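Inspection log for the structure reproduced underneath, given as structure tokens.
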Amino acid sequence: MSETATPAAPPTATAAVDLRAISHRYPGRRGAPPLRSLDNVTVEVGEGEFVSLVGPSGCGKTTLLRIAAGLLTPSGGSARVLGEDPANRRGAPPVGLVTQEPGLLPWRTAAGNVALTHELAGGRATRADVLAQLGRVGIRAFADFHPRELSGGMGPRGARGRARAPPPRRGGPGAPVGARGELSRP
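Using our numbering, the letters of the sequence shown correspond one by one to residues 18 to 203.
Structural data, given as structure tokens:
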């Protein structure tokens with residue numbers, strides 16, 4: 018990603034995601050030097066914008082998204098999501114992240130997986146809220162099905178429903194919550 022990254026202007030007041038000069042290194046294996054996955058990458062996304070990261074496999078797209086979601090700490094640079102460091106928002110990260118694998122908990126139904134977002138944020142979802150969220154992703158009729166009972170296309174929809182589920186309000190504006198929160202933190 019470093020080949021196409023360019024220095025960006027100072028962050029704007031409206032940036033929902035502001036990643037500045039992000040670098041990340043994974044530890045080397047068996048005495049090998051650290052693996053550089055990101056080097057001086059800057060991305061700014063305004064609230065309501067839809068952005069796609071495109072690049073070859075292994076270039077750091079998922080690493081960058083995991084940093085924005087607060088699931089990884091960058092080796093260098095700064096990450097701000099809705100004005101806060103995403104790593105400091107355990108329990109209620111303000112970013113929804115849907116990975117290539119749905120990552121649904123097999124012992125929970127589709128509805129239970131969507132409700133998990135609220136639980137990780139310290140709240141409780143109503144059945145109506147969960148059904149509405151499942152309806153938005155087109156699988157409301159499958160609310161009481163377990164992941165093994167969902168088709169290959171429904172699993173990712175369930176994960177999107179969970180990622181987009183709003184957290185319980187705590188005196189401020191709502192925002193999507195991280196898809197897997199504490200369950201996938203290192």
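Note that beta-carbon positions come from the ideal geometry of N, C-alpha and C, so glycine has one too. Values in this document were obtained by computation on a predicted structure and should not be read as measured data.
Under the three-state DSSP convention, the category residue i falls into
i           : result
residue 146 : helix
residue 166 : helix
residue 52  : strand
residue 33  : strand
residue 63  : strand
Counterpart residues of residue i in DSSP-defined beta bridges
i          : result
residue 58 : 39
Residue span of the beta strand (DSSP E) that contains residue i, given as start and end
i           : result
residue 131 : From DSSP, residue 131 is part of no beta strand (DSSP E) but of the alpha helix (DSSP H) over 127-137.
residue 94  : 93-98
Start-to-end residues for the alpha helix (DSSP H) that takes in residue i
i           : result
residue 83  : 78-85
residue 174 : 171-181
Is the number of C-beta pairs between the stretch 32-41 and the stretch 50-59 that are closer than 8 Å three or more?
yes
Counting beta carbon pairs with one atom in the stretch 135-150 and one in the stretch 85-93, are three or more of them shorter than 8 Å?
no
Pairing CB atoms from the stretch 68-76 with CB atoms from the stretch 128-144, are three or more of them under 8 Å?
no
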